[in-house]
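Numbering (our numbering), first residue to last: 705 to 1013. Some notes on the structure that comes next.
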Ligand SMILES: Cc1cc2nc3c(=O)[nH]c(=O)nc-3n(C[C@H](O)[C@H](O)[C@H](O)COP(=O)(O)OP(=O)(O)OC[C@H]3O[C@@H](n4cnc5c(N)ncnc54)[C@H](O)[C@@H]3O)c2cc1C
């Protein structure tokens, strides 16, 4: 029986594991892969204390930091996906896709979120045939080409910034009339003469015989349909929380994010806490995810201590 099971190993899970080790809580971390979402990022500039770091290096540092304190206290199961959690009077049985069942007195959910897929005609058929969800993985394939980025948030602008290094032109399509991304990155990216921005643009179709040849979008103000001849389409239209495995166990909001008490990170079920992008906090960022997980650990420690005294 573990004191704590942590689900996920992004910034939130890593922070939870480091604090669990320092508090000597017998912990199991279960994670499908290590490092979290921003491990695909080429340059993270707001990780406090580090002016610039690649996502890969950030992931490696998180792992190194856990292992430096893990001893026999924190065990890591990498490559396992949690599929269900059962609550038996305050003892939690956590089941994984490998049919393993682990038991624990408490659970910290830090399962983050995954990319929202675009669902217009052609999107399914042409995924990975010109439509991609990862600029740092697939960007270089489109060197010298005209490409589109769908989405005007931070992830969209970060993608555009990467693509400008080798694409002929980058057009960013945003469905609203104000970009959601931070002004500092918007200004920097839009300054580039290869960059073009379209507002109020709703993607309605992606077409091509075998590979992407172009896309159609509607100008929501004029209702006119426009055609863009491009070979590459990078989609950055938001995230979906990884919370299916706790449906019915803890309260979720209308976006399926786990509702937490912001003072303690407690969920609606005693013994289960959550932190990071899978929760209904207002902002989703690396530093926030770590801070919230630290807060959860302080509270988990008090809960376990109260149970033993
Ligand atoms: C491309 C990109 C660039 C970004 N750049 C920045 C940036 O520059 N600065 C910044 O502050 N933020 C950035 N973000 C946001 C930041 O990455 C997130 O806020 C942060 O990763 C959230 O951390 P997390 O630990 O909550 O979740 P995640 O990082 O999403 O980690 C979730 C973890 O849970 C695991 N997992 C999921 N489901 C299961 C399951 N069922 N069983 C077991 N394990 C599971 C995953 O494998 C992963 O390890 C970026 C995001 C993206 C997508």
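Each residue gets a CB set at the ideal place from its N, CA and C atoms; glycine is no exception. All figures in this text were calculated on a predicted structure; none of them were measured in a lab.
Residue i, buried or exposed, once every other Cβ within 10 Å from all chains shown has been counted against 16
i, result
"residue 829", "exposed"
"residue 809", "buried"
"residue 1029", "A question about residue 1029 goes unanswered here, because the residues of the chain that appear run from 705 up to 1013."
"residue 741", "buried"
"residue 930", "exposed"
"residue 755", "exposed"
"residue 935", "buried"
"residue 1027", "Beyond the ends of the chain as shown, which are 705 and 1013, falls residue 1027; an answer cannot be given."
"residue 1006", "exposed"
"residue 907", "buried"
"residue 956", "buried"
"residue 1012", "exposed"
"residue 770", "buried"
"residue 775", "exposed"
"residue 986", "exposed"
"residue 890", "buried"
"residue 993", "buried"
"residue 947", "buried"
Residue i at chain C interface by Cβ criterion, 9 Å
i, result
"residue 879", "No chain C is present in this structure, which holds just one protein chain."
Of the listed residues the options, nearest to residue i (C-alpha basis)
i, options, result
"residue 988", "772, 923, 815", "815"
"residue 998", "969, 927, 930", "969"
"residue 737", "722, 715, 791", "715"
"residue 952", "963, 943, 944, 942", "963"
"residue 723", "1009, 1001, 758, 1007", "1001"
"residue 743", "758, 735, 750", "758"
"residue 710", "945, 921, 806, 879", "806"
"residue 873", "880, 865, 879", "865"
"residue 847", "947, 869, 772, 918", "869"
"residue 921", "824, 735, 747, 779", "824"
"residue 918", "748, 835, 749, 802", "835"
"residue 867", "900, 878, 879", "900"
"residue 861", "707, 746, 1008", "746"
"residue 888", "750, 727, 735, 708", "750"
"residue 801", "735, 769, 793", "735"
"residue 942", "926, 890, 879, 896", "879"
"residue 728", "748, 773, 760", "773"
Rounded distance between the beta-carbons of residue j and residue i, thought under 8 Å
i, j, result
"residue 739", "residue 762", "7 Å"
"residue 721", "residue 733", "5 Å"
"residue 795", "residue 811", "In fact, because the Cβ distance is near 11 Å, the residues do not count as touching under 8 Å."
"residue 666", "residue 910", "As shown, the chain starts at 705 and ends at 1013. That puts residue 666 outside it, with no answer to give."
CB of residue i within 9 Å of CB of residue j, strictly
i, j, result
"residue 777", "residue 730", "yes"
"residue 817", "residue 981", "yes"
"residue 856", "residue 884", "yes"
"residue 767", "residue 713", "yes"
"residue 839", "residue 938", "yes"
"residue 875", "residue 932", "yes"
"residue 928", "residue 837", "no"
"residue 979", "residue 719", "yes"
"residue 1004", "residue 820", "no"
"residue 990", "residue 959", "no"
"residue 886", "residue 858", "yes"
"residue 924", "residue 905", "yes"
"residue 781", "residue 765", "no"
"residue 977", "residue 822", "no"
"residue 707", "residue 894", "no"
>> Quick check: the segment 843-861 against the segment 970-985, are at least 3 beta-carbon pairs closer than 8 Å?
In response: With a cut-off of 8 Å, the segment 843-861 and the segment 970-985 do not count as touching, because too few Cβ pairs lie within range.
> Is the segment 914-924 close to the segment 775-792, with three or more CB pairs under 8 Å?
Replying inline: For the pair of segments examined, the segment 914-924 was found not to touch the segment 775-792: the number of CB pairs separated by less than 8 Å stays below three.
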